[in-house]
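All the letters of the sequence shown, read from the start, carry residue numbers 3 to 408 under our numbering.
Note that CB positions come from ideal geometry on N, CA and C, so glycine has one too.
All values reported here derive from a predicted model rather than from experimental measurement.
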Amino acid sequence: MNARGRSFAVAAAGATAFVDMYATQPLLPDLRVAFGASEAHVAATISSLTFAVAIAAPFVGPLADAIGRKRVIVTAIFALALVTFGASHARSIGELIAWRFAQGLVMPGIFATTLAYIAEEYPTESAGSGVAAYIGGNVLGGWAGRYLSAIVAAHASWQVAFVALGALNVLGGAVVLALLPSSARFVRRASFRGALVAMRGFLTDPRMLATYAVGGCILFTLVAAFTFGTFYLAGPPFGLGTAEIGNVFCVYLFGAIATPLSGRLIDRFGNRTTVLLALALSATGILATLLPALAAVVIGLALMSTGVFIAQAASQSYIGRIAGGSRSTAAALYLTIYYAGGGLGAIVPAWTWVHAGWPPTVGIVVGFQALAAAFAFFGWQGPVKRGRRSADMTSAAAAGAATTIG
């Protein structure tokens with residue numbers, strides 16, 4: 003199998019991992035009407051999935067270490083397809099939430115294991131191209147899931163949108179099965195006990211805890227902004243339809259620009275300065291959405307999400323510097339807190355949105371951005387050793403961090 007085919011398979015895995023994750027965001031107003039549910043109930047189609055990812059993420063590494071990378075990736079993709087098809091038959095908002103939870107349980111088997119595959123199977127001189135292919139697929143999948151679900155639902159129904167998403171999962175799984183070479187450097191090992199020991203050390207490390215908190219706050223802001231921003235754009239004075247809201251999610255593609263930019267910023271200014279600048283950009287963007295003009299809202303969301311991509315790269319690459327020899331365990335814990343924060347982002351602002359509207363909801367987002375800045379400013383202290391190999395790991399982690407945006 004040539005390198006191009008392998009990279010195409012890696013990109014397909016990247017797209018498949020995230021095509022379903024936030025696909026219900028542009029559908030939230032439709033789901034509210036279809037089920038006669040509140041904003042908080044339909045927003046749980048986001049939070050249930052992200053909480054499931056948070057629960058499952060720490061267990062994926064030991065599982066993949068025991069039974070192999072490709073087997074876990076392919077099984078997880080086809081399992082995701084099955085539960086996505088199942089979601090199309092949900093008869094109540096509760097059933098849909100349960101199906102979304104099931105989707106979240108299998109997703110870490112795709113994205114976490116694929117990154118481990120790249121680290122093991124790509125030669126050092128081409129590992130960057132593997133990560134780039136994966137990120138490209140991730141960005142495309144995250145955007146395509148939102149856009150496709152909006153377009154299909156606008157012309158058919160939300161049920162058909164889930165069928166279309168499931169079909170994409172099947173297609174992605176077929177590509178990975180056919181084109182991804184079996185592992186040549188994989189060494190089977192049972193590492194769960196060692197992972198538990200490493201976790202205990204990380205959970206008592208102030209710098210690591212601060213980094214986890216930064217990640218959780220960052221995804222909180224992204225999920226809150228785009229979840230309740232959907233309701234904002236659907237209501238007066240904008241009154242956007244489902245397809246038009248899907249078009250707004252094209253701002254997500256700015257992640258393709260933000261990812262390489264984040265690596266350069268980290269190399270030049272360091273992790274802490276970069277995350278503070280990124281959070282300032284993100285806060286500027288969300289505040290711009292308060293202007294009563296659709297263009298201002300779209301531009302604001304573009305700036306906000308770009309800042310999130312850069313901040314996320316800075317925070318996860320910081321883990322690569324301080325985690326020592328247990329980076330996979332540190333990253334698993336990071337994903338747990340990260341997605342738990344995302345789940346809260348779809349829940350915590352709900353009451354404020356319903357009873358007070360968009361401006362106070364923006365205030366909550368800015369508050370969590372400020373909290374993330376405080377954790378980074380006061381928690382990322384102490385010298386960090388950085389040789390050539392460390393710099394290489396930092397660059398890879400900075401790129402790989404964008405794969406957790408979704």
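Note to self: Can you look up residue 239 in the DSSP assignment and give me helix, strand or coil?
What the structure shows: For the purposes of this step, residue 239 is taken as the residue at position 237 of the sequence shown. Residue 239 falls in the coil class under three-state DSSP.
Notebook entry, point to check: Apart from the five residues just before and just after residue 384, which ones in its own chain have a Cβ nearer than 6 Å to its Cβ?
Noted result: As a first step, residue 384 must be located in the sequence shown, where it is residue number 382. With a pLDDT of 48 at residue 384, under the threshold of 50, the modelled position of that residue is not reliable, and no figure is offered here.
Check: If you follow the alpha helix (DSSP H) that residue 274 is part of, which residue opens it and which one closes it?
Finding: Here the question's residue 274 lines up with position 272 in the sequence shown. For residue 274, the enclosing alpha helix (DSSP H) starts and ends at 273-290.
Next item on the list: Drop a sphere of 10 angstroms on the beta-carbon of residue 219, count the other beta-carbons inside from all chains shown, and report buried for 16 or more, exposed for fewer.
Entry: To locate residue 219, count along the sequence shown from 1; it is residue 217. Its Cβ being crowded by 16 or more others within 10 Å, residue 219 is buried.
Notebook entry, point to check: By a C-beta neighbour count over all protein chains shown, 10 Å radius and 16 as the cutoff for buried, is residue 386 buried or exposed?
Noted result: Within the sequence shown, residue 386 is the residue found at index 384, counting from 1. Residue confidence for residue 386 is low, a pLDDT of 48 falling below 50, so the modelled location carries little weight and cannot support an answer.
Notebook entry, point to check: Taking C-alpha atoms, which residue in 11, 213 and 232 lies nearest to residue 320?
Noted result: Taking the sequence shown and counting its residues from 1, the one referred to as residue 320 is at position 318. Nearest C-alpha to residue 320: 213.
Check: Taking three-plus beta-carbon pairs below 8 Å as touching, is the stretch 11-21 in contact with the stretch 306-315?
Finding: Result no; under three Cβ-Cβ pairs closer than 8 Å.
Next item on the list: Determine the DSSP secondary structure at residue 131, reduced to helix, strand or coil.
Entry: For the purposes of this step, residue 131 is taken as the residue at position 129 of the sequence shown. Correct three-state label for residue 131: helix.
Next item on the list: Go to residue 63, then tell me how far its alpha helix (DSSP H) extends in each direction, as first and last residue.
Entry: As a working note, residue 63 is residue 61 in the sequence shown. Residue range 41-69 is occupied by the alpha helix (DSSP H) that includes residue 63.
Check: Ends of the alpha helix (DSSP H) at residue 105?
Finding: The residue given as residue 105 occupies position 103 in the sequence shown. Where residue 105 is concerned, the enclosing alpha helix (DSSP H) stretches over 95-108.
Next item on the list: Would you kindly check if the distance between the Cβ of residue 150 and the Cβ of residue 170 is under 9 Å?
Entry: In the sequence shown, counting from the first residue as 1, residue 170 sits at position 168. In the sequence shown, counting from the first residue as 1, residue 150 sits at position 148. Residue 170 is a Cβ neighbour of residue 150, given a cutoff of 9 Å.
Notebook entry, point to check: With 16 other CB atoms within 10 Å as the buried threshold, where does residue 94 fall?
Noted result: Translated into the one-based positions of the sequence shown, residue 94 becomes position 92. By the 10 Å Cβ count, residue 94 comes out exposed.
Margin query: For a quick check, are the C-beta atoms of residue 15 and residue 112 less than 9 Å apart?
Written below: Taking the first residue of the sequence shown as position 1, residue 15 is located at position 13. Taking the first residue of the sequence shown as position 1, residue 112 is located at position 110. The answer is yes: Cβ separation under 9 Å.
Check: For the stretch 153-160 against the stretch 32-48, are there 3 or more C-beta pairs whose distance is under 8 Å?
Finding: Verdict: yes, contact present.
Note to self: Using the three-state DSSP reduction, which class does residue 214 fall into: helix, strand or coil?
What the structure shows: Here residue 214 is taken as the residue at index 212 of the sequence shown, counted from 1. Shown here, residue 214 sits in a helix according to DSSP, grouped into three states.
Item checked: Start-end ranges of the alpha helix (DSSP H) lying completely within the stretch 325-387, minimum 4 residues -> Counting whole runs of 4 or more residues, the stretch 325-387 contains the alpha helix (DSSP H) stretches 329-347, 352-358 and 360-381.
Note to self: Taking 7 Å as the limit between beta carbons, can you name the residues of its chain near residue 124, skipping five residues before and five after?
What the structure shows: Here the question's residue 124 lines up with position 122 in the sequence shown. Shown here for residue 124: same chain residues with a beta carbon closer than 7 Å to its own, the five before and five after excluded, namely 132 in chain order.
Margin query: Comparing C-alpha positions only, which one of 176, 318, 254 and 268 sits nearest to residue 215?
Written below: Sequence index remark: in the sequence shown, residue 215 carries index 213 (1-based). The option with the nearest alpha carbon to residue 215 is 318.
Check: Is the Cβ-Cβ distance between residue 286 and residue 364 less than 9 Å?
Finding: Within the sequence shown, numbered from 1, the residue matching residue 286 stands at position 284. Within the sequence shown, numbered from 1, the residue matching residue 364 stands at position 362. Against a cut-off of 9 Å, the Cβ pair of residue 364 and residue 286 comes out as no contact.
Check: If you run the structure through DSSP and keep just helix, strand and coil, what is residue 1?
Finding: Since the first residue shown for the chain is 3 and the last is 408, residue 1 is missing from the structure and cannot be characterised.
Checklist line | Nearest-angstrom Cα separation, counted from residue 250 out to residue 276 | finding: On the sequence shown, position 274 is the one that residue 276 refers to. On the sequence shown, position 248 is the one that residue 250 refers to. Computed Cα separation, rounded: 27 Å.
Notebook entry, point to check: Taking residue 246 as the reference, which of 256, 235, 86 and 76 has the closest Cα?
Noted result: As a first step, residue 246 is located in the sequence shown; it is residue number 244 there, counting from the start. Across the set 256, 235, 86 and 76, the C-alpha of 235 shows the shortest separation from the C-alpha of residue 246.
Checklist line | C-beta atoms of residue 8 and residue 183 nearer than 9 Å | finding: Position 6 of the sequence shown, counting from 1, holds the residue named residue 8. Position 181 of the sequence shown, counting from 1, holds the residue named residue 183. In contact: residue 8 and residue 183 (Cβ atoms closer than 9 Å).
Note to self: Taking its Cβ as the centre, do 16 or more other Cβ atoms sit within 10 Å of residue 380, making it buried, or is it exposed?
What the structure shows: For the purposes of this step, residue 380 is identified with residue 378 of the sequence shown, where counting begins at 1. It is exposed - the Cβ of residue 380 has fewer than 16 other Cβ atoms within 10 Å.
Check: Helix, strand or coil: which one does DSSP assign to residue 393?
Finding: Here residue 393 is taken as the residue at index 391 of the sequence shown, counted from 1. Note that residue 393 scores a pLDDT of 40, beneath 50, so its modelled location is shaky and nothing firm can be said.
Margin query: For a quick check, are the C-beta atoms of residue 84 and residue 168 less than 9 Å apart?
Written below: Locating residue 84 in the sequence shown gives position 82, where the first residue counts as 1. Locating residue 168 in the sequence shown gives position 166, where the first residue counts as 1. For residue 84 and residue 168, yes; Cβs fall inside 9 Å.
Check: Quick one: what's got a C-beta closer than 6 Å to residue 59's C-beta in the same chain, skipping five residues either side?
Finding: Looking up residue 59 in the sequence shown gives position 57. For residue 59, where only same-chain residues beyond five positions count, the Cβ hits under 6 Å are 110, 334, 337 and 338.
Next item on the list: Pick out whichever of 284, 356 and 295 has its Cα sitting closest to the Cα of residue 369.
Entry: Here residue 369 corresponds to residue number 367 of the sequence shown, with the count starting at 1. Out of 284, 356 and 295, the CA that lies nearest to the CA of residue 369 is found in 284.
Next item on the list: Going by CA-CA distance only, name the one from 342, 355, 145 and 135 that's closest to residue 233.
Entry: By 1-based counting over the sequence shown, the position of residue 233 is 231. In terms of Cα proximity to residue 233, the closest of 342, 355, 145 and 135 is 355.
Next item on the list: Mind checking which residues open and close the alpha helix (DSSP H) that includes residue 256?
Entry: Residue numbering aside, residue 256 sits at position 254 when the sequence shown is read from its first letter. Per DSSP, residue 256 belongs to no alpha helix (DSSP H) and is neither H nor E.
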